[in-house]
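For the sequence shown, the residue numbers in this note's numbering are 62 to 152. Cβ atoms here follow ideal geometry from the backbone N, Cα and C, with glycine treated the same way. Small disclaimer: the values here were computed from a predicted structure and weren't measured. Here the structure comes first, spelled out in structure tokens, and everything after it is commentary.
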Amino acid sequence: MNPQCARCGKIVYPTEKVSCLDKNWHKGCFHCEVCKMTLNMKNYKGYDKKPYCNAWSVVVHRTFLELRSKTELQLSAKQSFSKRNRTASAQ
């Protein structure tokens with residue numbers, strides 16, 4: 062049985078198949094998530110199981126790191142605030 066394309070959901074036949082990022086794609090469906098540039102095995106960058114061109118992969122990765130950093134700071138602040146509230150209410 063032939064697999065389905067990760068992008069369009071249609072059947073992918075062996076002659077048109079690109080297997081990448083643990084998924085199967087039609088050659089034409091294997092494109093950058095942002096700019097839609099057609100990709101191949103030599104020029105793609107995978108991130109979060111999605112294909113990106115070199116230019117957009119940098120932006121996506123940097124944005125993810127910034128969001129993760131902000132989330133970690135927010136969690137740290139919440140934990141610190143909760144700890145102070147528990148200490149103050151215990152007194």
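CB of Leu82 within 8 Å of CB of Gly107, strictly
In this structure, Gly107 lies closer than 8 Å to Leu82 by Cβ.
Sequence-distant residues of its chain with Cβ nearer than 7 Å to Ala67 (five each side left out)
Result list for Ala67: Lys84, Asn85 and Trp86, in chain order.
Less than 8 Å between the CB atoms is what I'm expecting for Leu136 and Cys114, so what's the real figure, rounded?
Taking 8 Å as the upper bound for CB-CB distance, Leu136 and Cys114 are not in contact here, some 33 Å apart.
What distance in whole Å lies between the Cβ atoms of Cys96 and Trp117, which are believed to be in contact at a cut-off of 8 Å?
The C-beta distance from Trp117 to Cys96 rounds to 6 Å, short enough to fall under 8 Å.
Start and end residues, beta strand (DSSP E) containing Gly107:
Start and end: Lys106 to Tyr108.
For Cys81, the three-state DSSP class (helix, strand or coil):
Reduced to three states, the DSSP call for Cys81 is strand.
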